[in-house]
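Have a look at the structure below before the remarks.
Numbering (this note's numbering), first residue to last: 285 to 525.
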């Protein structure tokens with residue numbers, strides 16, 4: 285048993301002196317206890333308790349409600365609480381029935397040895413700690429799964445937004461490229477060069493005509509090379525030269 289749990293044991297016995305003696309035994313192993321004198325009173329206490337009892341220690345033979353019946357009802361209210369039944373050998377049939385129904389985790393035969401009973405109770409409290417730890421881990425896993433699911437949803441939404449933005453940028457790039465290409469197609473570069481040269485007075489008309497002839501000769505030479513590679517004959521000289 286660890287110190288991180290604040291254990292409280294519910295003791296149910298119609299003989300108060302036995303109940304108080306069991307309570308002192310619980311205190312000796314570091315657990316608190318609550319004593320109730322009957323099954324019905326104990327059920328009311330379970331319902332009104334601020335937190336579940338770690339373990340119930342109930343006598344079998346009690347007036348009004350037997351221990352096995354009480355523990356079966358207690359299981360319905362607090363299913364995680366560990367349940368021990370104290371009984372004599374004459375009540376073994378009732379114990380067997382309670383075990384088969386899952387109403388009790390262990391039975392303690394009368395008369396009991398306090399040392400052995402203390403060890404059994406400590407084992408029961410450790411079992412309760414494991415049950416609580418399993419619940420904690422399950423809740424944590426559920427919370428993490430919820431967080432991961434939400435994160436995945438957010439990532440998918442973010443990816444969709446980025447994808448939309450990328451598509452928009454690609455569309456803008458295509459449109460800009462198209463506009464640039466149209467702009468280049470519509471521009472008369474030769475006329476622009478001619479105007480610029482004249483404005484800067486870098487070429488007079490005679491030099492400009494010589495430049496045109498040189499350009500035409502260069503283009504004709506390129507066309508002639510293309511024609512030769514495609515098996516087409518072209519005149520050796522530029523027509524009208």
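Each residue gets a CB set at the ideal place from its N, CA and C atoms; glycine is no exception.
Exercise for the section: Could you check the C-alpha separation between residue 308 and residue 439 for me, to the nearest Å? Expected result: Taking the chain shown and counting its residues from 1, one reaches residue 308 at position 24. Taking the chain shown and counting its residues from 1, one reaches residue 439 at position 155. Straight-line Cα distance between these residues: approximately 59 Å.
*With distances taken from CA atoms, which of 408, 331 and 334 is nearest residue 367?*
Along the chain shown, read from residue 1 onward, the residue named residue 367 stands at position 83. When each option's Cα is compared against that of residue 367, the closest is 408.
Can you give the beta carbon distance from residue 339 to residue 293, rounded, assuming they're within the 8 Å contact cut? For this step, residue 339 is matched to residue 55 along the chain shown. For this step, residue 293 is matched to residue 9 along the chain shown. The pair is a contact, with the Cβ atoms about 5 Å apart (cut-off 8 Å).
Let me know the secondary structure DSSP gives residue 333 once reduced to three states. In the chain shown, the residue the question calls residue 333 occupies position 49. Coil at residue 333, not helix or strand.
- Query: Can you list, in chain order, the residues of its chain whose CB lies under 7 Å from that of residue 357, leaving out five sequence neighbours each side?
  - Reply: Taking the first residue of the chain shown as 1, we reach residue 357 at position 73. Result list for residue 357: 327, in chain order.
**Item:** beta strand (DSSP E) segment containing residue 316, residue limits
**Value:** Taking the first residue of the chain shown as 1, we reach residue 316 at position 32. Looking at the DSSP string, the run of the beta strand (DSSP E) that includes residue 316 is 316-320.
Can you give me the Cβ contacts of residue 303 inside the same chain, cut-off strictly under 6 Å, excluding the 5 residues immediately before and after it? As a working note, residue 303 is residue 19 in the chain shown. Within the same chain, residue 303 has close Cβ partners 295, 297 and 319.
Between 413, 420, 494 and 457, which lies nearest to residue 291 when the distance is taken from Cα to Cα? Within the chain shown, numbered from 1, the residue matching residue 291 stands at position 7. Here the closest residue by C-alpha is 413.
Taking DSSP as the reference, what is the three-state secondary structure of residue 365?
Reading the chain shown from its first residue, position 81 is the one you call residue 365. Residue 365 falls in the coil class under three-state DSSP.
Original post:
Rounded to a whole number of angstroms, what is the C-alpha to C-alpha distance between residue 370 and residue 383?
Top reply: On the chain shown, position 86 is the one that residue 370 refers to. On the chain shown, position 99 is the one that residue 383 refers to. Taking the straight line joining both Cα atoms gives about 13 Å.
- Task: Run the CB neighbour count on residue 457, radius 10 Å, all protein chains shown included, and call it buried at 16 or more, exposed below.
- Result: Reading the chain shown from its first residue, position 173 is the one you call residue 457. When all chains shown are included, residue 457 counts as exposed.
Quick check: does the Cβ of residue 336 come within less than 7 Å of any heavy atom belonging to the ligand GDP?
Within the structure as shown, the ligand GDP is missing, as the structure has no ligands at all.
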